[in-house]
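Peer 1: Got a structure here, written out as structure tokens. Questions coming.
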Amino acid sequence: MKSIHDVRAANDDFSGLARGAQSGDLIWDILASRIRFPAILRHRLERHQLTHHIQQGIQSGQVLLLEAPCGFGKTQAVLAAIDTEATSDVAWLTLEPRDDDPMRLLSLLAISLRQDSSFGRQSVGSGGYSDLVSLILQGYQRDRTAQRDGLPVSLVLDDVHLLGHPITRALVEQLIAELPSTLALVLISNEQVSFATHTLSLDGRLKRLGVDELALSVSETDALFENEKNQGLMTSTALEHICHLTEGWLTPLQLYRLELSNVTQMAHSISDSPSVRRFFNDALLSPSEKRDHTALYHMAEPDLISDALYHAMTDDVSTTHSPSAFSASGLPLWPVTGKGHWYKFNPLFRDWLLTKGVAGRNQRALRASEWFESQGDRSEALTYALRAQNAERALEIAASGSEALLAGQDTGALLSWRRQLPLNLLERSPRLRLVYGWVHAIGGQFSQAEKLLEGIPEHDADALAGRLATLRAFILRGKGDVANSIGWADRALADDTISDHTRLMSLMVRSSALTATLQFGEARTANRIATRLARESGDAGCEMLAVYDHARIELGKGYLKRAETLLRHGLEVAVNAPYQPPRVGESRLQLCLALVLWHQGRRDEAESWLKRSARQAEQCRDLGLLLNMGLRAMLAKSRGELEQAFSWIGQAERTMQLWQVDEPAYRPALEALKVSCWLHSDQKEHVDVALRNLKRNNRDEWVPELFPMLPGLLDAMEIRLCIARKELAEAQTKLTAFRNGDAIDGVEGGSAPLGHVIYAGILQALIYDRSRKPDKALVTLRIAMQEAAREHYLSPFIELGRELRTLLPKVLASGTESGFYDALRTLFSVEEIPEHGHSAELAEPISDRERGVLELIATGLSNQDIADRLHISLHTVKTHARRINAKLNVRSRTQAIVRARELGVL
417 MKSIHDVRAA NDDFSGLARG AQSGDLIWDI LASRIRFPAI LRHRLERHQL
467 THHIQQGIQS GQVLLLEAPC GFGKTQAVLA AIDTEATSDV AWLTLEPRDD
517 DPMRLLSLLA ISLRQDSSFG RQSVGSGGYS DLVSLILQGY QRDRTAQRDG
567 LPVSLVLDDV HLLGHPITRA LVEQLIAELP STLALVLISN EQVSFATHTL
617 SLDGRLKRLG VDELALSVSE TDALFENEKN QGLMTSTALE HICHLTEGWL
667 TPLQLYRLEL SNVTQMAHSI SDSPSVRRFF NDALLSPSEK RDHTALYHMA
717 EPDLISDALY HAMTDDVSTT HSPSAFSASG LPLWPVTGKG HWYKFNPLFR
767 DWLLTKGVAG RNQRALRASE WFESQGDRSE ALTYALRAQN AERALEIAAS
817 GSEALLAGQD TGALLSWRRQ LPLNLLERSP RLRLVYGWVH AIGGQFSQAE
867 KLLEGIPEHD ADALAGRLAT LRAFILRGKG DVANSIGWAD RALADDTISD
917 HTRLMSLMVR SSALTATLQF GEARTANRIA TRLARESGDA GCEMLAVYDH
967 ARIELGKGYL KRAETLLRHG LEVAVNAPYQ PPRVGESRLQ LCLALVLWHQ
1017 GRRDEAESWL KRSARQAEQC RDLGLLLNMG LRAMLAKSRG ELEQAFSWIG
1067 QAERTMQLWQ VDEPAYRPAL EALKVSCWLH SDQKEHVDVA LRNLKRNNRD
1117 EWVPELFPML PGLLDAMEIR LCIARKELAE AQTKLTAFRN GDAIDGVEGG
1167 SAPLGHVIYA GILQALIYDR SRKPDKALVT LRIAMQEAAR EHYLSPFIEL
1217 GRELRTLLPK VLASGTESGF YDALRTLFSV EEIPEHGHSA ELAEPISDRE
1267 RGVLELIATG LSNQDIADRL HISLHTVKTH ARRINAKLNV RSRTQAIVRA
1317 RELGVL
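Numbering (our numbering), first residue to last: 417 to 1322.
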């Protein structure tokens, strides 16, 4: 297949003149005119981070390679990074198809590096190509050593994808291999370059920038459309939409912006923009053959495409018409990370391709369904049977087991294809009702799921009793009715006739419900059985859900490090699966990992995983998108961006309404997020009203599936409100109840979940501080920090940062050194203060554990009380006390406290 950028053969008349001229001054002068800077756009978006990356890559002796399809602004990005005023420092050669002639290319290289005079301005046709390249480079290096004026320090070869001749590719490889240490080389290509670059990569002399670096970020897209937003031509919602649709593709965005600026009537959407459509047709399709166009239209029909699937869908067996070939040729068809040889189109380009409406789409979807079934993937087989509008085939696949189909299934696709089903199909198929009952339940449409179940005839309901009980348990868990959910799950598990997939789903629902009631031991037992069944099934989607369930148990306990290890293992399972379309299981793993990272204060990492999770969740119509947006709101709040936080909350609400999610599944969580933001901005009246509404509308025993921490969180918020109002006695009463509520028999080791312990400790410290008991406040806060340090549990301190802004720095400045304390210091902008006289006057320093005991001694606690508070033995407390006295050179508790304060230890 020809490159889409090829126009004609390169051996034209002009290159022949360059080869054959005996006295070629005119030819050399014409070629020399080719060494010039391209035109610079007048209204260019400043991209400081990208400019910095490019400037770092343009270094002597190094190669900078920019690879991305047409329209990603590669040339303009390099122009922005170099000093275009210093024309002698940079030789810029924009290649043309005719430059594919080896002798013509050598002539241009010689002129670019000011070595044309060494050939006496004669034909450079004498000698081997390789020798001539070496002569040019050696001559350049010799002239640089002699400090000859006018030599470039950087060489830019733009459009190197046009060099397809084996000899010209070899010349560029030699140029890279023998690159002088005084010359920087920049290569710009619309396609994946066809010559070897691995040696320079291993040497650290190659910097590669691709689509990920060149695509506009959300903030850059916002800056690009700033004027249009100010003029009311672009809303924030529309901007979010085009960010997702274009994936930061610069040229379509710029063309659309210009179209908006010149609009005299209602503007088109970017998908319908005439200028964008012309760009796709002229720059991407016109250079290729019409047969290539048809192949592209077919490839755009599936959500993801591979060579094998494309050939199964069509009669086209040509290797040049394959997703891998088109991807390598510079089209916006990206390899899917971790999915082997699967590819996905840029969404905007795919939408344009789909508008062509090529005949035979249903037949190709049916072939795709048959291919997926032959691969053992019934989930995708069902999806494409529905897409093909083949009701009989859909019923046949659904009859083989709905739970197996829906273990991590792409519910968004199933919901969209339901509209195409014959109206009577659900009525005559109880199994398909069951399938769509699961689809609606996973998507948070619990009332619609229940309606489907109510319509199943009684005799069919008896035959499907165990499977229906599992779905009812899932619906109740999603709504937050934990007790009844466990009851229905137990009823399903008591049915010996259910399949392994049904049993697995029942166990995971039971485990989730038990985790919500802090019965972690029983939850883990159910999870172990579910994990075994998932592995035996050989279904990667089931295994991912089982890992997610286990991670949630560890997260519930507060074991963040264990949870992170589990989640990364689950994501490895997802990556290693031979084929994995967007599924709920992978989205939930990514989301849960983002939650763990948020708890640990690793905000940049969390945001990165949230972006990945959001893409998956949107495609799957997974309710996890609600928690995703909730976490983004919390991240924005932690940075002090309250307006952005409320924007995310509003977007979450709009999305849930658009998806027709039942209000109880999302309303309490969003109201709790608003309360958190209002507490941060000291809007006590709003907080009071919202908390009363939440308490009135939510039963205490109901725990949302996605937000199991909500009940405890509301209690903590009530205590915070009391502290803000200086109602300290009421706050202490509520805090005592909050702590007593943690004493659950099922909790491992008899201790409360770590998150609750930390929150309770911080709240107690705040009450002491507001009650003017500074010693107790500092000691209590230090103990909470020591508990949090075990798992690097930062989120409670971030959430309560406003209340802690005066108290926390007093503890942080004490000189304790650890990654946890350093992270807190960074978050709260606190510098470590050396302890006064401590290191100078003490022969042996006080350890952190001894300091904790000493602080509790200073509050007047007995040895037994200290042992109970720190969960250590009485003997250990006495040992610490003796060592403290010895180090301070005192004999009593009172003397120890006085001496410690003198030295600045307390």
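Glycine included, every Cβ here is placed at the ideal spot set by N, Cα and C.
(1) From the DSSP output, which residues share a beta bridge with proline 751?
(2) Quick check on aspartate 574: does DSSP put it in helix, strand or coil?
(3) With DSSP collapsed to three states, give me the class of aspartate 532.
(4) Check whether the stretch 560-573 and the stretch 481-490 are in contact - that is, three or more C-beta pairs closer than 8 Å.
(5) Which whole-angstrom value describes the C-beta separation of serine 928 and arginine 893, a residue pair presumed to lie in contact below a C-beta threshold of 8 Å?
(6) Could you give the C-beta distance for leucine 1290 and alanine 1283, rounded to a whole number, given that I count them as a contact under 8 Å?
(7) Under three-state DSSP, which class holds valine 506?
(8) Tell me, please, whether the stretch 907-925 touches the stretch 934-952 by the rule of three or more beta-carbon pairs shorter than 8 Å.
(9) So, alanine 1176 versus phenylalanine 1154, is the Cβ gap smaller than 9 Å?
(10) Can you list, in chain order, the residues of its chain whose CB lies under 8 Å from that of tryptophan 1064, leaving out five sequence neighbours each side?
(11) Counting C-beta neighbours from all protein chains within 10 Å, is the total for serine 570 16 or more, i.e. buried, or is it exposed?
(12) Where does valine 549 fall in DSSP's three states?
(13) Whole angstroms are fine: how far does the CA of glycine 477 sit from the CA of glutamate 462?
(14) Could you please give me the residues that DSSP links to arginine 624 through a beta bridge?
(15) Between valine 1103 and leucine 782, what straight-line distance do the alpha-carbon atoms span, to the nearest angstrom?
(16) Given 8 Å as the limit, is there contact between the stretch 607-624 and the stretch 636-646, that is, 3 or more CB pairs closer than that?
(17) Taking the beta strand (DSSP E) that isoleucine 604 falls in, what are its first and last residues?
(18) How about serine 1063: is its Cβ closer than 8 Å to a heavy atom in the ligand ADP?
(19) Could you give the distance in angstroms between the alpha-carbon of leucine 770 and the alpha-carbon of methionine 715?
(20) Going by beta-carbon coordinates alone, are leucine 1144 and arginine 1186 separated by less than 9 Å?
(21) Taking only three categories from DSSP, how would you classify isoleucine 914?
(22) Under 9 Å between the Cβ atoms of tyrosine 975 and arginine 1004?
(23) Applying the 10 Å Cβ sphere with the 16-neighbour rule, what's the burial state of lysine 623?
(24) Would you give the residue range spanned by the alpha helix (DSSP H) that isoleucine 1355 belongs to?
(25) Quick one: what does DSSP say tryptophan 665 is sitting in, helix, strand or coil?
(26) For alanine 1274, which residues of its own chain have a beta-carbon under 8 Å away from its beta-carbon, when the five flanking residues on both sides are left out?
(27) Short of 7 Å in beta carbon distance, which residues of its chain neighbour tryptophan 904, apart from the five on each side in sequence? Order them along the chain.
(28) Would you kindly work out how many angstroms separate the C-alpha atoms of isoleucine 686 and valine 692, rounded to a whole number?
(29) Does the beta-carbon distance from lysine 867 to histidine 1208 come in below 9 Å?
(30) What is the rounded straight-line gap between the Cα of threonine 1222 and the Cα of tryptophan 1094?
(31) Considering just the uninterrupted stretch of the alpha helix (DSSP H) at glycine 859, what are its terminal residues?
(32) For my contact list, valine 1077 and leucine 1107 are in at a C-beta cut-off of 8 Å; report their separation, rounded to the angstrom.
(33) Terminal residues of the continuous alpha helix (DSSP H) containing glutamate 970?
(34) Is it the case that the Cβ atoms of glycine 473 and leucine 625 are separated by a distance below 9 Å?
(35) Assuming the contact rule is C-beta atoms closer than 8 Å, serine 738 and aspartate 723 should be a hit. Round their C-beta distance to whole Å, please.
Peer 2: Here's the rundown:
(1) Beta-bridge partners of proline 751 (DSSP): Tyr759.
(2) Of the three classes helix, strand and coil, the one that applies to aspartate 574 here is strand, per DSSP.
(3) Annotated three-state conformation of aspartate 532 is helix, per DSSP.
(4) Segments in contact, no.
(5) Indeed they touch by this definition, with Cβ atoms about 6 Å apart.
(6) Their Cβ separation, rounded to whole angstroms, is 5 Å, which keeps leucine 1290 and alanine 1283 in contact under 8 Å.
(7) If DSSP states are grouped into helix, strand and coil, valine 506 belongs with the strands.
(8) With the cut-off at 8 Å, the stretch 907-925 and the stretch 934-952 touch.
(9) Yes, Cβ-Cβ distance for alanine 1176 and phenylalanine 1154 is below 9 Å.
(10) Listed in chain order, the non-local C-beta contacts of tryptophan 1064 below 8 Å within the same chain comprise Met1045, Gly1046, Arg1048, Ala1049 and Ala1052, local neighbours out to five positions each way being set aside.
(11) Counting other Cβ atoms within 10 Å of its Cβ, serine 570 reaches 16 or more and is therefore classed as buried.
(12) Reduced to three states, the DSSP call for valine 549 is helix.
(13) Distance between the alpha carbons of glutamate 462 and glycine 477: 28 Å.
(14) When beta bridges are read from the DSSP output, arginine 624 appears opposite Leu481.
(15) If I take the Cα positions, the gap works out to 55 Å.
(16) At 8 Å Cβ cutoff, the stretches do not touch.
(17) Membership of isoleucine 604 in the beta strand (DSSP E) is indicated by the continuous run 600-605.
(18) The model on display carries no ligand, and the ligand ADP is accordingly not part of it.
(19) Going by the C-alpha atoms only, they are around 10 Å apart.
(20) Closer than 9 Å, so yes.
(21) In this structure, DSSP gives isoleucine 914 a state outside helix and strand, which the three-state scheme calls coil.
(22) Against a cut-off of 9 Å, the Cβ pair of arginine 1004 and tyrosine 975 comes out as no contact.
(23) Its Cβ being crowded by 16 or more others within 10 Å, lysine 623 is buried.
(24) There is simply no residue 1355 to check, as the chain begins at 417 and stops at 1322 in what is shown.
(25) In the structure shown, tryptophan 665 sits in coil (DSSP, three-state: anything other than H, G, I, E or B).
(26) For alanine 1274, the CB contacts under 8 Å within the same chain, skipping 5 residues up- and downstream, are Asp1191, Val1195, Ile1313, Ala1316 and Leu1322 in chain order.
(27) In the same chain as tryptophan 904, and ignoring 5 residues on each side of it, the C-beta atoms closer than 7 Å to its own belong to Ala885, Arg888, Ala889 and Leu892, in chain order.
(28) Those two C-alpha atoms are separated by around 7 Å.
(29) No, Cβ-Cβ distance for lysine 867 and histidine 1208 is not below 9 Å.
(30) Cα to Cα, the separation comes out at about 20 Å.
(31) That residue, glycine 859, is in no alpha helix (DSSP H); it is neither H nor E in DSSP.
(32) At roughly 23 Å, the Cβ-Cβ gap does not stay under 8 Å, so valine 1077 and leucine 1107 are not in contact.
(33) Counting along the chain, the alpha helix (DSSP H) containing glutamate 970 begins and ends at 956-973.
(34) In this structure, the beta-carbon distance from glycine 473 to leucine 625 falls below 9 Å.
(35) Going by Cβ atoms, the distance from serine 738 to aspartate 723 rounds to 4 Å, so yes, they are a contact pair.
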